[in-house]
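Asks: Everything in the sequence shown is counted per our numbering, starting at 931 for the first residue and increasing by one. Glycine included, each C-beta is placed from N, C-alpha and C at the ideal position.
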Amino acid sequence: MELSDSYDLVVIGAGPGGYVAAVRAAQLGMKTACVEKEGSLGGACLNVGCIPSKALLDSTELYSLARHQFKEHGVGFGDLRADLSAMMQRKDRVVGELGEHVRKLLESHGVRVIRGMGRLRGPDTVEVRGEAEGSGRESTVLLQAKTILLATGSAPIQVPGLPFDGDRIVGSTEALAFGTVPASLGIVGGGYIGLELGSVWSRLGSRVTVLEMMPTIAGTLDGQMGRSLLRILGRQGMEFRLSTKVGRAEVVEEGVRVTIEAAGGEETHDFERLLVAVGRRPLTRDLGLDEVGVRVDSRTGQVWTDASCRTSVPTVYAIGDLVAGPMLAHKASAEGVAAVECMAGLPGEVNYDVIPAVVYTSPEVASVGLTEEQAKERGIPHRIGAFPFSGVGRAVCMGETDGFVKIIAHEHSDRILGVHILGPRASELIGECALAMELDARASDLARTIHAHPTLSESILEAARALSRVPFKK
Ligand code: FAD
Ligand code: NAD
């Protein structure tokens, strides 16, 4: 065993939590190393998550627009076909390019990237097991660290009775790389992954059936948004079986036979492939947490942290999918920055009330803050202003009029409690709303802000006007 350098900070995991934290630490003058077990940097987000899924969503949306909407715009062409292999190659190129960008970013900030499996050996020691550089030999290195940041992310939850086999019964990683379009695709779980990857394969011609155990899809969404999205995706050809529990699945000659528990007894359904997307669990195994005394919540498996991302061991911090809160890349990055700033004695902070979230279906759904259901449950007096995209000039020009904006504001103070957008480019529109909430704006502030015409952002202006106390004349 070799004792290597000592560092101010050793980060374990180079996902959007870990690498962003490492860069911030270097900017603050900390001598930093980042340990990553995979050959590629960027974590689940860049390699098997946000980026490859959005690359495929973008390619298939263009295909879908060409099939269904170009004609309405007066654009015609001869032979239209989707080239799956070209789409997959493009996706891999996008991932590779961004991975290289992360490597250069870390290098340019002087962060040492160490390839290998990291684990705690003490409150100030990280053990890295991996191949000694260029030698092909297994080696173990010990790194001394004033502080350690755990950022090892998460992995898909496996359901008993639905064992992944890497081919017919798969998780999201494999469903991002199918070599052919499955004639039929069953999806267990109508959450983020089910809806996004369901959209990808449905647009390419697969018969997609989503089996969701709850009575709604995307349960974290505002109820009205979820119901509208369900209707729109249904119109696009995706099938939904809600309140449906999947008992088991077995690989049969032609594909996968799924047994579901229905009201009248058991039913079986056959699919060419089955994607299981029922959530993710924190990756805490083999990190040496018990030995060092890092507390883990026995129910959720998440590492316990305080408001500065510090674990029960004062020199060890944890962020991202490993800890409580939504499993989102930008939340992981925000925690990474906050954790490092706290280590440096700065007032690092994450505002958990203002974390935007987006489901990248078509149209997209984006939200920030409280849903109407949450405002009611908490007994907060509130008013709602809504506006449909069918009344927004730019949306009509684009031919994308499905959806609406919904703003929830405090009944008395007019403070914005939540904004929910179902509509074109909702992912971009939500930024303005998050900023407004971060700056503690009132709905009337949004209503008074001049928005360019004609733009999609006028939907926010109109929804704010709909509930604003300021009397408007159109
Ligand atoms: P990760 O990104 O998982 O990174 C952890 C890193 O740690 C990995 O590189 C891993 O190899 C490494 N590691 C683990 N254990 C060790 C060890 N012992 N030693 C060394 N290295 C180790 N979020 C969004 O915000 N927007 C999206 O559009 C989005 N789309 C998604 C699509 C899919 C299909 C999936 C699966 C997820 C998506 N997510 C999305 C979620 C997002 O990917 C995660 O929330 C995010 O990656 C969490 O970041 P992290 O840094 O905590 O962990
Ligand atoms: P999810 O939590 O979004 O959805 C899981 C769904 O599966 C839920 O609706 C749940 O009710 C359902 N479910 C659970 N057990 C079931 C069962 N046995 N049978 C039928 N349904 C069942 O999880 P996911 O879709 O796997 O995604 C994992 C995480 O990755 C998400 O929580 C999200 O944080 C992140 N993600 C984010 C994005 C994005 O930001 N656009 C995209 C993909 C993934």
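Confirm the yes/no value for this check: CB of E1104, any heavy atom of the ligand NAD, distance under 7 Å.
Replies: Incorrect: E1104 has no Cβ contact closer than 7 Å to the ligand NAD.
Asks: In whole angstroms, give me the CA-to-CA distance for K1403 and G1321.
Replies: At K1403, the pLDDT of 45 sits below 50, so the modelled position is not reliable; the number obtained from the coordinates is stated separately. Their backbone Cα atoms lie some 16 Å apart in a straight line.
Asks: Using 7 Å as the cut-off, classify the Cβ of C975 as near or not near the heavy atoms of the ligand FAD, replying yes or no.
Replies: yes
Asks: What residue from S1114, I1147, S1136 and G1109 has the CA that sits closest to G1124's CA?
Replies: I1147
Asks: Please work out which residues of its chain come closer than 6 Å, Cβ to Cβ, to P1401, disregarding the five sequence neighbours upstream and downstream, and give them in chain order.
Replies: Residue placement at P1401 is poorly supported in this model, since its pLDDT is 49, which falls under 50; the coordinates still yield a value, given next. Once the five neighbours on either side are set aside, P1401 has no close Cβ partner at all.
Asks: Less than 7 Å separating the Cβ of T1082 from some heavy atom of the ligand FAD?
Replies: It does: the Cβ of T1082 is within 7 Å (strictly closer) of some heavy atom of the ligand FAD.
Asks: Is A944 near the ligand FAD, judged by its Cβ being under 7 Å from some heavy atom?
Replies: yes
Asks: Based on DSSP bridge pairs, tell me the residues matched to Y937.
Replies: A1075
Asks: Jot down the residue ranges of each uninterrupted alpha helix (DSSP H) in the region 994-1073, minimum 4 residues, whole runs only, in chain order.
Replies: 1014-1038
Asks: Indicate the three-state DSSP secondary structure (helix, strand or coil) for C1363 in the structure shown.
Replies: helix
Asks: Out of D1054, I1338, P1286 and S1136, point me to the one whose CA is closest to F1317's CA.
Replies: I1338
Asks: On the DSSP letters alone, give me the boundaries of the beta strand (DSSP E) that R1137 sits inside.
Replies: R1137 to L1141
Asks: What does the alpha-carbon distance come out to for the pair S1263 and R1240?
Replies: 15 Å
Asks: Rounded to whole angstroms, what's the CA-CA distance from S1114 to V1181? Just pull it up for me.
Replies: So the alpha carbons of these two residues sit roughly 14 Å apart.
Asks: Report yes or no: do the region 1181-1191 and the region 1321-1331 share at least 3 C-beta pairs separated by less than 8 Å?
Replies: no
Asks: Closest to R1045 by C-alpha separation, out of C980, E1068, H1031 and F1108, would be which residue?
Replies: Closest in C-alpha terms to R1045, from the list C980, E1068, H1031 and F1108, comes E1068.
Asks: Alpha carbons only, please: which of K961, I1310, S1297 and D1054 is nearest the one belonging to H1039?
Replies: The option with the nearest alpha carbon to H1039 is K961.
Asks: From G1119 to V1206, what distance separates their C-alpha atoms?
Replies: One C-alpha to the other measures close to 7 Å.
Asks: Using only the heavy atoms of the ligand FMN, determine whether one of them is closer than 7 Å to the beta carbon of M1367.
Replies: With respect to the ligand FMN, the structure offers nothing, as its ligand set consists of the ligand FAD and the ligand NAD.
Asks: How big is the Cα-Cα spacing for T1103 and V1111?
Replies: Taking the straight line joining both Cα atoms gives about 15 Å.
Asks: Please classify D1054 as buried or exposed, where buried requires at least 16 neighbouring CB atoms within 10 angstroms.
Replies: buried
Asks: Can you find at least 3 beta carbon pairs, one from the region 1303-1314 and one from the region 1351-1361, that sit closer than 8 Å?
Replies: no
Asks: Just list the alpha helix (DSSP H) runs in the region 1321-1382, keeping only unbroken ones of 4 residues or longer that don't cross its boundaries, in chain order.
Replies: 1323-1328, 1356-1368 and 1373-1378
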